[in-house]
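Quick mapping for you: the protein sequence lines, in order, are chains A and B. Take the position in the first sequence, starting the count at 1, then add 537; the result is the number in our numbering. Take the position in the second sequence, starting the count at 1, then add 537; the result is the number in our numbering. For every residue, glycine included, the Cβ atom is placed at its ideal position computed from N, Cα and C. Remember, predicted model here, so these are calculated numbers, not experimental data. See structure below.
Number of protein chains: 2
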Amino acid sequence: MTTRRATIADVARAAGVSASTASVVFSGKTPVSDATRARVVAAATTLGYTGPHPLAASLRRGRSGIVGVVFTEHLGRAFQDPVKILMMDGLTAAVGPLGSGLLLVRDTVDTDAAAPTLTTSPIDAAVLVGCTARQRAALAPVKARGVPLVVIEGDAGDDVPRIDLDNREAQRLAAEHLRALGHTRVATVTLPVGGRPRGVLTADQQIVVDVTRHRLAGVHDVFPGAAAIATAGSSIDEGLIAGRALLAGPDRPTAILAQSDLLAVGVIRAAEEAGLRVPADLSVTGFDGIAVDGLAPYRLTTLVQDAIGKGRAAGDAVAALLAGTPVASVVLPCPFRLGNTTGPVPEIAL
Amino acid sequence: MTTRRATIADVARAAGVSASTASVVFSGKTPVSDATRARVVAAATTLGYTGPHPLAASLRRGRSGIVGVVFTEHLGRAFQDPVKILMMDGLTAAVGPLGSGLLLVRDTVDTDAAAPTLTTSPIDAAVLVGCTARQRAALAPVKARGVPLVVIEGDAGDDVPRIDLDNREAQRLAAEHLRALGHTRVATVTLPVGGRPRGVLTADQQIVVDVTRHRLAGVHDVFPGAAAIATAGSSIDEGLIAGRALLAGPDRPTAILAQSDLLAVGVIRAAEEAGLRVPADLSVTGFDGIAVDGLAPYRLTTLVQDAIGKGRAAGDAVAALLAGTPVASVVLPCPFRLGNTTGPVPEIAL
DNA sequence: TTGTAAGCGTTATCAT
DNA sequence: ATGATAACGCTTACAA
């Protein structure tokens, strides 16, 4: 078919009605007589018209139904994180009624600066998952455009509502739990710090990733001198590497707080590898409260965040913004959950 | 700001040029004198104009730069699968140059039929990740619209180019490897079959999921009577459940072919749990060739698919289709890779 | 219930 | 190098 697509005008003409009437038949926004509707539908079928052109309709309406999602990291890495996946689930559900769906917006990080897709995409609003300083700087044109923005765990400027966790407070809860059990030789395995990759964190080290810094602060609130080792990502393998390093040292800790459940599992594996029992010889805590595939029979002592709820909150915020309702930042709770990976400090260590 | 957004016409007026000239300053499609460009840019800055309206530009151009991605399953589940994530990576990279990005199109599965978003979204093309019979049926309007389609591992009709793996042949390679090692008591752990959840597969059972059926056929090509047990998904925990079932039976197999690496890891865990050594007492093969987090020290004997390449192939196909080039279906190779999880059949079993 | 009219904001084409 | 013109395909007051 070399012929041009049928438009609503063609359909209207074929049906012997005006374009506006034909339009209304498809949108259903105004009552139409059954006879007219039938004629229009018939004409549409004949002409192979499958409905209004999305771009034209969106332009006219001033809304595309698309919500952009921006990650601070490479997509592949972001989706490695179960928490982010759950969050996407919640987000999908919450923005679903808004229209078309979620647009995965390429971050300027992995492409060259040549692609400011946030401003060239037909999005009604955007959800930022985290926000680096660089991203924050690049946000001006988007804001100028009046595109509503929401940020999940990050700072995108005072005018952007945030969906946050009280990471510090939650992590402190876990630390206090360990202190109550008698632990004093405690270490922590952190998420990436933003600068360089793996390694022991010294007190003066700059930590640009908010989540990492806040959770670390929660540990230090209770155990000021606790050793910390940073990983290159939230994974079992990274936890394993960090765990080995901590358990090989001279002053082996009796408890390790990992900044994610995945890292905690890695630490547990390192302990098993070293012939240590969890929790008899080593207590381990996680963070997230996700179901880790392959973790049984352990049930992690951890801080439970509602990852789906986080995504849903962001979606709801976007919907409210789009509806013109002002939106306040929220801090979601992150309760402590006792599992079987923590226990009293071993007597031998006292 | 209660005032309406500045348009390119406003900018042009303020700069004392025509709208077309102002447009060209932003698109760069035609040479413009430096003086004119400077005036236009200045006017834009003054008016807070941040570039062409994406919808208007897209409508005019007849292209949005957006590629839709459709999954057969719930998003959360799809992203649980490392292979799909890698595939998304490849897809993202390949469609990147095309424009805005990937639109996660809600599948009609989880919403009610009320949301034919594939036809209401401003997409230039779509990639189907798998394709159920129901989806195939719903594709007519999209095809009628002339939206280029590509399907990854699925059948979306003869007019839709496919990106496939030779699952049967690959799986046969693994089976032959085991036969060469002397195994005869062999079982397989499959991906979901589509109908009901977990359970032993009988010979007459209907298997609607192509991948599952093809890989199973590869096993049966070599071991016609091999027992098969279906899982509810590709995960370590599912593999563990299936593995337990197989290893508890009377005629314990000496080798198990799992239809995914994740499942294979679960089977290995089940073996360890039962006090069996891998590969001394039990050989295990996987499928995918991904890096499984937390698998060390095992290196799976497996079939290696290029998941990123699969996504890239789909992206390239979409790009070609959009460029008007005809595209042929491709079958990607899936070579055998020897690891340390398979070995000779135990003497005691001979 | 249906039709008229006026854009939505841009860009391709063709002159100048 | 710049400008005039004409779409792109649709929706929505408002009038009839």
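So, helix, strand or coil for residue 736/A, using DSSP?
Locating residue 736/A in the first sequence gives position 199, counting from the first residue. Note: residue 736/A maps to strand in three-state DSSP.
Interface partners of residue 612/B on chain A, CB under 7 Å:
As a position in the second sequence, residue 612/B is number 75, starting the count at 1. Simply 625, 626 and 629.
Taking only beta carbons into account, state which residues of the stretch 843-855 of chain A come closer than 9 Å to chain B, listed in chain order.
845
If we define contact as Cβ-Cβ less than 7 Å, is residue 893/A a contact residue for chain B?
Lying before the first or after the last residue shown, residue 893/A is absent from chain A, which here runs from 538 to 887.
Where residue 827/A sits in the DSSP three-state scheme
Residue mapping note: residue 827/A aligns to position 290 of the first sequence, counting from 1. If DSSP states are grouped into helix, strand and coil, residue 827/A belongs with coil.
Rounded to whole angstroms, what's the CA-CA distance from residue 868/A to residue 636/A? Just pull it up for me.
Your numbering for residue 868/A matches position 331 in the first sequence. Your numbering for residue 636/A matches position 99 in the first sequence. For residue 868/A and residue 636/A, the distance between alpha carbons rounds to 27 Å.
Inter-stretch contact at 8 Å, needing at least 3 Cβ pairs: the stretch 611-629 of chain A / the stretch 833-841 of chain A:
Not touching, per the Cβ criterion.
Pick helix, strand or coil for residue 805/A, following the three-state DSSP scheme.
On the first sequence, position 268 is the one that residue 805/A refers to. Three-state result, residue 805/A: helix.
Considering Cα atoms alone, identify which of 547/A, 752/A and 553/A is closest to residue 703/A.
Indexing the first sequence from 1 puts residue 703/A at position 166. It is 752/A.
Strictly under 7 Å for the Cβ-Cβ distance: is residue 728/B near chain A by that measure?
The residue you call residue 728/B lines up with position 191 of the second sequence. By this cut-off, residue 728/B is not an interface position.
Minimum Cβ-Cβ distance from residue 667/B to chain A less than 7 Å:
Counting from one through the second sequence, the residue named residue 667/B turns up at place 130. It does not; no Cβ of chain A falls within 7 Å.
Give the C-beta separation of residue 710/B and residue 873/B to the nearest angstrom, bearing in mind that I take them to be a contact with Cβ-Cβ under 8 Å.
In the second sequence, residue 710/B corresponds to position 173, counting from 1. In the second sequence, residue 873/B corresponds to position 336, counting from 1. That pair is a contact at about 4 Å.
Residue nearest to residue 545/A in terms of C-alpha spacing, selected from 589/A, 790/A and 713/A
Numbered from 1 along the first sequence, position 8 holds the residue referred to as residue 545/A. When each option's Cα is compared against that of residue 545/A, the closest is 589/A.
Would you say residue 899/A reaches chain B, if we count a Cβ-Cβ gap shorter than 7 Å as a contact?
In the structure displayed, chain A extends from 538 to 887; residue 899/A sits before or after that span and is not available.
Starting from residue 593/A, find everything on chain B with Cβ-Cβ shorter than 8 Å and list it in chain order.
The residue you call residue 593/A lines up with position 56 of the first sequence. Under the 8 Å cutoff, chain B gives 596.
With residue 608/A as the anchor, note down where its alpha helix (DSSP H) starts and where it stops.
Numbered from its first residue, the first sequence carries residue 608/A at position 71. Residue 608/A -> not in any alpha helix (DSSP H); beta strand (DSSP E) instead, spanning 603-608.
Of all the options 708/B, 771/B, 770/B and 876/B, which has the alpha carbon lying nearest to the alpha carbon of residue 755/B?
Walking along the second sequence from the start, residue 755/B turns up at place 218. It is 708/B whose Cα lies nearest to the Cα of residue 755/B.
Using DSSP with H/G/I as helix, E/B as strand and the rest coil, what is residue 661/B?
Numbered from its first residue, the second sequence carries residue 661/B at position 124. In the structure shown, residue 661/B sits in coil (DSSP, three-state: anything other than H, G, I, E or B).
Presumed contact (8 Å Cβ cut-off) between residue 786/B and residue 808/B, rounded CB distance:
On the second sequence, position 249 is the one that residue 786/B refers to. On the second sequence, position 271 is the one that residue 808/B refers to. No, residue 786/B and residue 808/B are not in contact; Cβ-Cβ is about 13 Å, not under 8 Å.
Within chain B, partners of residue 678/A - CB distance below 8 Å:
For the purposes of this step, residue 678/A is identified with residue 141 of the first sequence, where counting begins at 1. 587 and 588, listed in chain order.
Below 8 Å CB to CB, which residues in the same chain sit around residue 516/A once its five sequence neighbours on both sides are set aside?
The question about residue 516/A has no answer here: the residues shown for chain A are numbered 538 through 887.
In chain order, what residues of the same chain lie with their CB nearer than 6 Å to the CB of residue 609/B, ignoring the 5 residues before and after it?
Counted from its first residue, the second sequence places residue 609/B at position 72. Contacts found: 667 and 669.
What residues are listed by DSSP as bridge partners for residue 639/B?
Taking the second sequence and counting its residues from 1, the one referred to as residue 639/B is at position 102. Answer is 641/A and 604/B, bridged to residue 639/B.
Considering only residues of the stretch 682-714 of chain A, which uninterrupted beta strand (DSSP E) runs meet the minimum length of 3 residues and lie entirely inside it, listed in chain order?
686-689 and 699-702
Taking only runs that begin and end inside the stretch 758-819 of chain B, name each unbroken alpha helix (DSSP H) of 4 or more residues, in chain order.
Counting only runs of at least 4 residues, the stretch 758-819 of chain B fully encloses the following alpha helix (DSSP H) elements, listed from N- to C-terminal order: 773-785 and 798-810.
Do you know whose CA, among 633/A, 613/A, 631/A and 638/A, lies nearest residue 628/B's CA?
Against the second sequence, residue 628/B aligns to sequence position 91. Checking every option, the nearest Cα to that of residue 628/B belongs to 613/A.
Tell me residue 867/B's beta-bridge partners as DSSP assigns them.
Indexing the second sequence from 1 puts residue 867/B at position 330. According to DSSP, which records beta bridges pairwise, residue 867/B is partnered with 700/B.
Best match in 817/A, 820/A and 768/A for proximity to residue 796/A [C-alpha to C-alpha]
Along the first sequence, read from residue 1 onward, the residue named residue 796/A stands at position 259. The shortest C-alpha separation from residue 796/A is found at 768/A.
For the stretch 768-789 of chain B, which residues have a CB atom closer than 8 Å to at least one CB atom of chain A, in sequence order?
If the cut-off is 8 Å between Cβ atoms, the stretch 768-789 of chain B has 772, 773, 774 and 777 near chain A.
Hey, is the stretch 584-598 of chain A in contact with the stretch 541-556 of chain A, meaning 3+ C-beta pairs nearer than 8 Å?
yes
If the criterion is Cβ atoms closer than 7 Å, does the pair residue 728/A and residue 881/A meet it?
As a first step, residue 728/A is located in the first sequence; it is residue number 191 there, counting from the start. As a first step, residue 881/A is located in the first sequence; it is residue number 344 there, counting from the start. Their beta carbons are not under 7 Å apart, which means residue 728/A does not touch residue 881/A by this criterion.
Of the choices 568/B, 776/B and 701/B, whose alpha-carbon is the least far from that of residue 747/B?
Numbered from its first residue, the second sequence carries residue 747/B at position 210. Of the listed residues, the one whose Cα sits closest to residue 747/B is 701/B.
Terminal residues of the alpha helix (DSSP H) in which residue 543/B lies:
Looking up residue 543/B in the second sequence gives position 6. No alpha helix (DSSP H) contains residue 543/B, which DSSP labels as neither H nor E.
Contact set between residue 804/A and chain B, taken where Cβ atoms lie within less than 9 Å
Position 267 of the first sequence, counted from the start, is the residue given in the question as residue 804/A. None at all; the shortest Cβ gap to chain B is about 11 Å.
Residues of chain B with CB closer than 7 Å to the CB of residue 659/A, please, in chain order.
To locate residue 659/A, count along the first sequence from 1; it is residue 122. 591, 592, 595, 601 and 659, listed in chain order.
Between the stretch 849-868 of chain B and the stretch 686-696 of chain B, are three or more C-beta pairs nearer than 8 Å?
yes
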